Amino acid sequence: MNRQINLKSRPKGLPTESNFEIAETKIPSVNDGELLVKAKFISVDPYMRSRMSDAKSYVPSFEVGKPMDGGVVAEVIESRHPDFMVGDAVLGHLQWQEIQTVKAESVTKLNKSAAPLSYYLGILGMPGLTAYFGLNEIGKPIAGETVVVSGAAGAVGMVVCQIARLKGCRVVGIAGSDEKNGYLRDVLKVDEVINYHTEKNIKAAIARSCPGGVDVYYDNVGGEISDAVLSNINKYARIVLCGQISTYNDIEIPVGPRPQPIMVKKSALMQGFIVNNYSDRFGEGVKQLAQWLGEGKLTYQETIVQGFETLPETFLGLFHGKNTGKLLVEMKA
Ligand SMILES: NC(=O)c1ccc[n+]([C@@H]2O[C@H](COP(=O)([O-])OP(=O)(O)OC[C@H]3O[C@@H](n4cnc5c(N)ncnc54)[C@H](OP(=O)(O)O)[C@@H]3O)[C@@H](O)[C@H]2O)c1
42 MNRQINLKSR PKGLPTESNF EIAETKIPSV NDGELLVKAK FISVDPYMRS
92 RMSDAKSYVP SFEVGKPMDG GVVAEVIESR HPDFMVGDAV LGHLQWQEIQ
142 TVKAESVTKL NKSAAPLSYY LGILGMPGLT AYFGLNEIGK PIAGETVVVS
192 GAAGAVGMVV CQIARLKGCR VVGIAGSDEK NGYLRDVLKV DEVINYHTEK
242 NIKAAIARSC PGGVDVYYDN VGGEISDAVL SNINKYARIV LCGQISTYND
292 IEIPVGPRPQ PIMVKKSALM QGFIVNNYSD RFGEGVKQLA QWLGEGKLTY
342 QETIVQGFET LPETFLGLFH GKNTGKLLVE MKA
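So for the sequence shown, the working numbering puts the first residue at 42; every next one is plus one.
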């Protein structure tokens, strides 16, 4: 028997496990040009929250009663395509199903010996590329500048922190626990860390950690943390709008300080982006990230939860800071 996880209902506010349902399905038959694949690692990502709603976005909404989908690393268990063999590992945008058929041309064959397979959903996949292009193309960090990163201990954030360090910048990371901040400081050599849960005055903490002001702000979270960073920016600061996870479950978007006056006063740039804007350059990004990893200049952490049925609960953990680095579900052997 095969299993899939469907969107059962659209959440209002913070999703719960009741918004998902697990269903038993048949193992599909395979046609010419297709592969039968078995999921090994399934990615859970913050952008999936907006896909659970029916609001228009840059990716289509999930359909109620249909399986969720996203980044998956899978193993080929039957091939009806000459370029793929049983046992090959593939990366694709697949459904939350244990076993499914895919068109061979819709997946990428992975080199099983180059890196742990799960890294293709993290540092060598979408989150790593998001860090690489957002920081380099919009943040344009220059050696000696101060780069502040929110969501610093997450899948994207921890890569941003390290690339900024490689560029010779002073890096200040903001994350939600002392344990995460210890990892940022001791392992990733981030210069200063701020725990936004225990710090009473984040604006003052940023001023203290950035005595020369903020040149680049890589924004993964939005909300009050970003308001506090913005009040500390330098002339010609660049604000990289990568994500706003602190607002994803809001029913009404709160009105905060309006950023325009400070943007004018500081001649600052604020730019949003979607990683797919750089899809024609993904090869370059993966090559550079893999090279830095191989040279030991980048390191990576993952939080891997076991068992297909844990997908809904694991996904919800993103909104409670349960993960350090990339959050993934691994199928039981
Ligand atoms: N623009 C793009 O193309 C693109 C691509 C990928 C990701 N993103 C965005 O980038 C951000 C990071 O994504 P990711 O995959 O790396 O996720 P992640 O950081 O690995 O996981 C989410 C983390 O967000 C933090 N968080 C949750 N609720 C929060 C809140 N209310 N306030 C502050 N922090 C909160 C938690 O860490 P703490 O313990 O530190 O709170 C949690 O561990 C997200 O906003 C995502 O939507 C954008």
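Backbone N, C-alpha and C define an ideal beta-carbon position, used for all residues, glycine too. These numbers come from a predicted model, not from an experiment.
C-beta atoms of residue i and residue j nearer than 9 Å
i, j, result
"residue 199", "residue 366", "yes"
"residue 150", "residue 174", "no"
"residue 303", "residue 271", "yes"
"residue 182", "residue 221", "no"
"residue 140", "residue 177", "no"
"residue 379", "residue 314", "Here the chain covers residues 42 to 374 and nothing more, so residue 379 does not appear."
"residue 289", "residue 101", "no"
"residue 210", "residue 281", "no"
"residue 169", "residue 327", "yes"
"residue 68", "residue 109", "no"
"residue 189", "residue 251", "yes"
"residue 266", "residue 360", "no"
"residue 161", "residue 114", "yes"
"residue 194", "residue 159", "no"
"residue 48", "residue 104", "yes"
"residue 357", "residue 57", "yes"
Straight-line Cα distance separating residue j from residue i
i, j, result
"residue 112", "residue 135", "6 Å"
"residue 42", "residue 373", "15 Å"
"residue 345", "residue 274", "36 Å"
"residue 227", "residue 341", "13 Å"
"residue 191", "residue 214", "6 Å"
"residue 157", "residue 301", "44 Å"
"residue 255", "residue 310", "13 Å"
"residue 85", "residue 353", "9 Å"
"residue 81", "residue 299", "45 Å"
"residue 153", "residue 130", "7 Å"
"residue 138", "residue 232", "42 Å"
"residue 127", "residue 116", "8 Å"
"residue 237", "residue 55", "20 Å"
"residue 76", "residue 89", "26 Å"
"residue 277", "residue 51", "41 Å"
"residue 331", "residue 364", "23 Å"
"residue 339", "residue 133", "25 Å"
"residue 291", "residue 71", "43 Å"
"residue 279", "residue 336", "29 Å"
"residue 306", "residue 155", "48 Å"
"residue 349", "residue 44", "9 Å"
"residue 312", "residue 206", "22 Å"
"residue 329", "residue 323", "10 Å"
"residue 351", "residue 74", "32 Å"
"residue 106", "residue 123", "34 Å"
"residue 321", "residue 343", "27 Å"
"residue 121", "residue 78", "11 Å"
"residue 53", "residue 92", "13 Å"
"residue 284", "residue 229", "22 Å"
"residue 235", "residue 325", "33 Å"
"residue 201", "residue 268", "20 Å"
Rounded distance between the beta-carbons of residue j and residue i, thought under 8 Å
i, j, result
"residue 172", "residue 197", "5 Å"
"residue 240", "residue 246", "5 Å"
"residue 187", "residue 253", "6 Å"
"residue 316", "residue 83", "That pair is no contact at about 19 Å."
For residue i, the residue or residues it bridges with in DSSP
i, result
"residue 306", "In the DSSP output, where bridge partners are listed per residue, residue 306 has none listed."
"residue 311", "280"
"residue 83", "113, 370"
"residue 61", "48"
"residue 214", "190, 234"
"residue 144", "75"
"residue 242", "DSSP lists no partner for residue 242."
"residue 134", "112"
"residue 259", "190, 281"
"residue 105", "48"
"residue 150", "131"
"residue 274", "255"
"residue 195", "366"
"residue 346", "370"
"residue 120", "76"
"residue 43", "66"
| said: Whether or not the region 145-159 and the region 96-105 are in contact is what I'm after, with contact meaning three or more pairs of Cβ atoms, one per stretch, closer than 8 Å; do they touch? | reply: no
Margin query: Three or more C-beta pairs under 8 Å: does that hold for the region 252-265 against the region 53-66?
Written below: no
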